[in-house]
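Visitor: Everything in the sequence shown is counted per my numbering, starting at 44 for the first residue and increasing by one. Ideal placement from N, C-alpha and C gives every residue a C-beta, glycine not left out.
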Amino acid sequence: MPDMAQPLHTPLCRELGIEYPIFCAGIGTAAGPDLAAAVSNAGGFGVVGASSFLADAIPALIARIRERTTRPFGVNFIIDERDSSDEDKAITHQQVSAAIAARVAAVILFWGDPAPYVEEAHRHGVRIIIQVGSVDEARAAAASGVDAVIAQGVEAGGHVRGTTSIWTLLPAVVEAIKPLPVLASGGIGDGTGLARAIRLGAQGVSLGTRFVASDEAWCHAAYKQRIVESTASDTVLNELYDIWWPNAPHRTLRNKTFFEWEAAGRPPSGRRPGEGTSIGKKRMGSGEVVEWPRYAIGTAPPDFDGDIEYAPLWAGESCSVVNDIKPAGDIVRDLAREADAMLAAAGGARQNRLS
Numbered sequence: 044m045p046d047m048a049q050p051l052h053t054p055l056c057r058e059l060g061i062e063y064p065i066f067c068a069g070i071g072t073a074a075g076p077d078l079a080a081a082v083s084n085a086g087g088f089g090v091v092g093a094s095s096f097l098a099d100a101i102p103a104l105i106a107r108i109r110e111r112t113t114r115p116f117g118v119n120f121i122i123d124e125r126d127s128s129d130e131d132k133a134i135t136h137q138q139v140s141a142a143i144a145a146r147v148a149a150v151i152l153f154w155g156d157p158a159p160y161v162e163e164a165h166r167h168g169v170r171i172i173i174q175v176g177s178v179d180e181a182r183a184a185a186a187s188g189v190d191a192v193i194a195q196g197v198e199a200g201g202h203v204r205g206t207t208s209i210w211t212l213l214p215a216v217v218e219a220i221k222p223l224p225v226l227a228s229g230g231i232g233d234g235t236g237l238a239r240a241i242r243l244g245a246q247g248v249s250l251g252t253r254f255v256a257s258d259e260a261w262c263h264a265a266y267k268q269r270i271v272e273s274t275a276s277d278t279v280l281n282e283l284y285d286i287w288w289p290n291a292p293h294r295t296l297r298n299k300t301f302f303e304w305e306a307a308g309r310p311p312s313g314r315r316p317g318e319g320t321s322i323g324k325k326r327m328g329s330g331e332v333v334e335w336p337r338y339a340i341g342t343a344p345p346d347f348d349g350d351i352e353y354a355p356l357w358a359g360e361s362c363s364v365v366n367d368i369k370p371a372g373d374i375v376r377d378l379a380r381e382a383d384a385m386l387a388a389a390g391g392a393r394q395n396r397l398s
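1. What number of angstroms, rounded off, separates the C-alpha of residue 299 from the C-alpha of residue 352?
2. Name, in chain order, the residues that DSSP records as bridge partners for residue 149.
3. My guess is that residue 141 and residue 115 are in contact by the Cβ rule of under 8 Å, so how many angstroms apart are they, rounded?
4. At what residues does the alpha helix (DSSP H) containing residue 187 begin and finish?
5. When you compare the CB positions of residue 76 and residue 108, do they come within less than 8 Å of one another, or not?
6. Per DSSP, which one or two residues make a beta bridge with residue 3?
7. Could you give the C-beta distance for residue 173 and residue 157, rounded to a whole number, given that I count them as a contact under 8 Å?
8. Taking Cβ positions, are residue 386 and residue 241 nearer each other than 8 Å?
9. Going by DSSP, what residues sit across from residue 333 in a beta bridge?
10. How about residue 296 and residue 320: do their beta carbons lie closer than 8 Å?
11. Which residues in the same chain have their Cβ closer than 8 Å to the Cβ of residue 309, if we skip the five residues on either side of it in sequence?
12. Among 59, 151 and 72, whose alpha-carbon lies nearest the alpha-carbon of residue 113?
13. Check the DSSP bridge columns for residue 65 and list the partner residues they point to.
14. So, is residue 302 buried or exposed, given that buried needs 16 or more other C-beta atoms within 10 angstroms?
15. Between which residues of its own chain and residue 87 is the CB-CB distance below 6 Å, once the five residues before and five after are set aside?
16. Looking at the structure shown, is residue 254 part of a helix, part of a strand, or coil, going by DSSP?
17. By DSSP, does residue 397 sit in helix, in strand, or in coil?
18. To the nearest angstrom, how far is the alpha carbon of residue 153 from that of residue 127?
19. Assuming residue 440 and residue 323 form a contact by the criterion Cβ under 8 Å, report the distance between their Cβ atoms to the nearest whole angstrom.
20. Could you give the residue range of the alpha helix (DSSP H) that holds residue 75?
21. Would you decide whether residue 290 is buried or exposed? Buried here means 16 or more other CB atoms lie within 10 Å of its CB.
22. Pick from 155, 181, 149 and 182: whose alpha carbon is nearest that of residue 166?
23. With distances taken Cα to Cα, identify the nearest neighbour of residue 263 among 350, 162 and 249.
24. By the three-class DSSP mapping on this structure, what secondary structure does residue 96 have?
25. Given this structure, state the Cα-to-Cα distance separating residue 96 from residue 135, to the nearest angstrom.
26. Let me make sure I understand the geometry here. Which of 247, 369 and 342 has the alpha-carbon closest to that of residue 57?
27. Let me know the secondary structure DSSP gives residue 357 once reduced to three states.
28. Since residue 271 and residue 225 are thought to touch, with beta carbons under 8 Å apart, how far apart are those beta carbons, to the nearest angstrom?
29. Residues bridged to residue 226 by DSSP?
30. Taking residue 356 and residue 68 to be in contact with their CB atoms under 8 Å, please state how far apart those CB atoms are, rounded to whole angstroms.
31. One question on the structure: do residue 383 and residue 50 come within less than 8 Å of each other, judged by their Cβ atoms?
32. Return the residue from the list 61, 258, 179 and 186 that minimises the CA-CA distance to residue 89.
33. Quick check on residue 90: does DSSP put it in helix, strand or coil?
34. Determine the closest residue to residue 281 out of 239, 204, 133 and 99, with distance taken between C-alpha atoms.
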């Protein structure tokens, strides 16, 4: 159980060697080396999104983080293999293996089966953490030997596995897989949410939307500002951005693409307004410049030359409590201070369900 004198210093903090149980989510290319290092340097757990990098580029990506921090950090991959060719599956496995070989503190996986990676990771001293959206997924992940689970509620931004509120899902997952550590994700963006998650048995939180609105996030300034100006009611769960990753629900801010599609009667893929056109050129995290089709996934980089109101503006319901853009280190420290004060005032965290 957590130290009552330091209610935020959970067993997962001690295991990872971090001060605060605050993870940066692997928010695609927005979670680059600068953001990951800033979160880790502040005492949290930084994570870099690496799914857009081929395996041979991942060692250099990790080296860039290690140039910026000596603290623990993780690497995030999407491992969705539905309808994937054997070649695509091999590419995914090579990506994950490259991060494992680099002996990062943890590899965080999403939307797939972690089992093929667990033995290899543990052989290299690397932890495997998987994000899930249901109790059944959590049980399957625990049975595969993962080291921790992130429970994702439907409030989350970006791609969403969860179908129920994090506040319903979290205690159920904690109970189902105890004593395995569980982190909470979805709709959490301030110290109040962090404290509430700890009280419900979480050993940490994974935040995406809050860290998009940081100085270090590798994304367009106008996108960050839209998050600050928005509330939960401005977000919508949809499957509109399906090019490059179909059949994957996601939460975004309503924008020109959404409103024009809605005005057209919500036509299916292939018959939507502007289908087949480019919204501008997009520089990937790897440096490659590509034409960005309308309705394609991706995050507008700082130098995007198009109208971001046609790009997916990934955001969770926590945008309601994101009121500024500031250094990621300040975000970590502010959340920790707020949550610590709330937990201390309440007499410390409730006992984490460990046995």
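Guide: Here's the rundown:
1. Roughly 5 Å separates the two Cα atoms.
2. Looking at the DSSP assignment, residue 149 forms a beta bridge with 117 and 170.
3. Going by Cβ atoms, the distance from residue 141 to residue 115 rounds to 18 Å, so no, they are not a contact pair.
4. Element bounds for residue 187: 178 to 187.
5. For residue 76 and residue 108, yes; Cβs fall inside 8 Å.
6. The displayed coordinates of the chain run from 44 to 398. Any statement about residue 3 would go beyond what the structure contains.
7. Yes, they are in contact, since the Cβ atoms of residue 173 and residue 157 sit about 4 Å apart, within 8 Å.
8. Contact: yes.
9. According to DSSP, which records beta bridges pairwise, residue 333 is partnered with 325.
10. For residue 296 and residue 320, no; Cβs fall outside 8 Å.
11. Counting only Cβ-Cβ distances below 8 Å, and skipping sequence neighbours, we find nothing.
12. Comparing alpha-carbon positions, the option among 59, 151 and 72 lying closest to residue 113 turns out to be 59.
13. Answer is 248, bridged to residue 65.
14. With fewer than 16 other Cβ atoms within 10 Å, it is exposed.
15. These residues qualify, in order along the chain: 63, 65 and 375.
16. Assigned with DSSP and collapsed to three states, residue 254 falls in helix.
17. Summary for residue 397: the model assigns pLDDT 36, below 50, so the residue's position carries little reliability, and this model does not support an answer.
18. When rounded, the separation of the alpha-carbon atoms in residue 153 and residue 127 is 15 Å.
19. Only positions 44 to 398 of the chain appear in the structure, and residue 440 is not among them; the question remains open.
20. Run containing residue 75: none; DSSP gives neither H nor E here.
21. Residue 290 comes out exposed.
22. For residue 166, the nearest C-alpha among the options comes from 149.
23. For residue 263, the nearest C-alpha among the options comes from 350.
24. In the three-state reduction of the DSSP assignment, residue 96 falls in the coil class.
25. Those two C-alpha atoms are separated by around 10 Å.
26. When only C-alpha atoms are compared, the closest one is 247.
27. For residue 357, the three-state secondary structure derived from DSSP is strand.
28. About 29 Å; that fails the 8 Å criterion.
29. BP columns for residue 226 point to 193 and 247.
30. That pair is no contact at about 16 Å.
31. For residue 383 and residue 50, yes; Cβs fall inside 8 Å.
32. Per the Cα distances, 61.
33. Taken through DSSP and simplified to helix, strand or coil, residue 90 comes out as strand.
34. The residue with the shortest Cα to Cα distance from residue 281 is 204.
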